[in-house]
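Take a look at the structure below.
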Amino acid sequence: MTRKFDVVVLGAGAAGMMCAIRAGGRGRSVLVIDHARAPGEKIRISGGGRCNFTNIHAGAKNFLSANPHFAKSALARYTPRDFLDMVEAHGIAWHEKTLGQLFCDESARDIIRMLLSEMKAANAVLELQKQVTTVEKTLDGFRIGTSDGSVEALSLVIATGGKSIPKMGATGFAYDIARQFGLKIVETRPALVPLTLDPNLLEKLSPLSGIGVPAEIRHGRTAFREALLFTHRGLSGPSILQISSYWREGDEITLAIEPDLDIAAALKTGRKANGRQAAQTVLAEILPKRLAQFFVESRGITGHLADLSDKAIDSLAGSIQNWTVRPAGSEGYRTAEVTLGGVDTSELDSKTMQAKAVPGLYFIGECVDVTGWLGGYNFQWAWASGHVCGESL
Ligand code: FDA
């Protein structure tokens, strides 16, 4: 016998669980289906295991989308404070790390436990390790074929996320469903992802692998001031992940290392104080030693600081604080934290996430063309889009 629910949610991630909580809380019968063994796997590994569950500064300005206005309504109706209220009601201790980023004190698992307990209270049913084989429109809703028989629903919510980290069960399922119903997709690409370098540059930079420094990374008019990390594959760290969402193949980025310091002035002061010291010695007081050595050697500088003209010092400082690099590529979906692009927002109602052309069909979370910066914004979008959808079901 085919089971019937008011709402079937596909995907027990951040957005799907929030939607189920809200819809179930409003008395709807809700079934959540996921093919994974456990719900909220990305929550579990997020924020280094502590889940950066929101950002107190979250607003539409922190998101990339073909329509930057689309996210405004949901973000205004479910705010970081609203999520924090739930976190606090469950007694989960949290702290602000930096830049408005809120993390659990203990473990990301606390967030999963909280969502599961809220789902239980809302009588939402969760079924795991179930493959969805077909989705069909019926007269008054949808029939969802699964590895375990079919279910019917008046409303169908697609919350299966994006393509990042296929090893964790990420699929392009949401985009396939969108296409099946004739909805447009904004081209998808890996975002919040480390950038790779061509073999020549990589070899030159290999002595720097493992070094982390404060930096400002620029791409056109966009700039992020956070840590930069040199790796054995290329460039990483929060500043690079942030800029990766804006970077495109062939583009250059500009690195400003220690952007708060006036490196030229420090070198000139060092020259005045003791002209017999090497440029590398002064630089090593403000930069990691290997980095200082790299920049001095790259410019072929030897001898005493006293032998360097103002121009030579300015040029050395420029190579550190105005360093243009052309990344070769990115590490791709294998390590990307999110997927840029997705279901075209012009196809969806921003207040409910319902497909305008397919009444009863909804898309929420990462599969929608709304992608946040690094720092808790992506979860805030998942909570907010899930909440407004659940509110309308
Ligand atoms: P999500 O991916 O969470 O859930 C989708 C669910 O659908 C999964 O449970 C999956 O198994 C299921 N599914 C997929 N295909 C299916 C199919 N065909 N059939 C059935 N089920 C299917 N963000 C942030 O704000 N703060 C942070 O700290 C981090 N940290 C972080 C670390 C790492 C390593 C990654 C990869 C990502 C982050 N993120 C993050 C991003 C964040 O995890 C992401 O934006 C949200 O999890 C998106 O929530 P969704 O519910 O949309 O998808």
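Position in the sequence shown counted from 1, then plus 68, gives you the working numbering. Cβ coordinates follow ideal geometry from the N, Cα and C atoms, glycine included.
Exposed unless 16 or more other CB atoms sit within 10 angstroms - verdict on residue i
i, result
"residue 299", "buried"
"residue 294", "buried"
"residue 337", "exposed"
"residue 102", "buried"
"residue 234", "exposed"
"residue 126", "buried"
"residue 166", "exposed"
"residue 148", "buried"
"residue 236", "exposed"
"residue 422", "buried"
"residue 110", "buried"
"residue 202", "exposed"
"residue 115", "buried"
"residue 405", "buried"
"residue 136", "exposed"
"residue 267", "exposed"
"residue 455", "buried"
"residue 390", "exposed"
"residue 105", "exposed"
"residue 305", "buried"
"residue 480", "With the chain running from 69 to 461 in the structure shown, residue 480 is simply not present."
"residue 427", "exposed"
"residue 414", "exposed"
"residue 264", "buried"
"residue 255", "exposed"
"residue 412", "buried"
"residue 310", "buried"
DSSP-derived helix/strand/coil call for residue i
i, result
"residue 225", "strand"
"residue 438", "coil"
"residue 364", "helix"
"residue 350", "helix"
"residue 447", "helix"
"residue 392", "strand"
"residue 72", "strand"
"residue 101", "strand"
"residue 470", "No information on residue 470 is available, as it lies outside the stretch 69 to 461 that the chain covers here."
"residue 17", "Since the first residue shown for the chain is 69 and the last is 461, residue 17 is missing from the structure and cannot be characterised."
"residue 211", "strand"
"residue 415", "helix"
"residue 337", "helix"
"residue 329", "coil"
"residue 132", "strand"
"residue 345", "coil"
"residue 151", "helix"
"residue 355", "coil"
"residue 146", "coil"
"residue 386", "helix"
"residue 455", "helix"
"residue 106", "coil"
"residue 96", "coil"
"residue 369", "coil"
"residue 460", "helix"
"residue 276", "helix"
"residue 404", "coil"
Identity of the residues DSSP links to residue i by a beta bridge
i, result
"residue 171", "120, 163"
"residue 307", "In the DSSP output, where bridge partners are listed per residue, residue 307 has none listed."
"residue 196", "BP columns for residue 196 are empty, so no partner."
"residue 422", "430"
"residue 263", "303, 398"
"residue 219", "71, 212"
"residue 324", "284"
"residue 202", "213"
"residue 78", "101, 226"
N-terminal and C-terminal residue of the beta strand (DSSP E) that residue i is part of
i, result
"residue 239", "Taken as a continuous stretch (DSSP letters only), residue 239 belongs to no beta strand (DSSP E), as it is neither H nor E."
"residue 286", "280-287"
"residue 259", "253-259"
"residue 298", "290-298"
"residue 270", "Careful: residue 270 lies outside any beta strand (DSSP E), inside the alpha helix (DSSP H) at 267-273."
Opening and closing residue of the alpha helix (DSSP H) in which residue i lies
i, result
"residue 83", "82-93"
"residue 138", "Careful: residue 138 lies outside any alpha helix (DSSP H) and carries neither H nor E."
"residue 231", "Careful: residue 231 lies outside any alpha helix (DSSP H) and carries neither H nor E."
"residue 518", "Look at the range of the chain in this structure, 69 to 461, and you will see that residue 518 is not part of it."
"residue 317", "Taken as a continuous stretch (DSSP letters only), residue 317 belongs to no alpha helix (DSSP H), as it is neither H nor E."
"residue 112", "109-113"
Cβ of residue i within 9 Å of any chain D Cβ
i, result
"residue 183", "Absence of chain D from the displayed structure is noted, only one protein chain being present."
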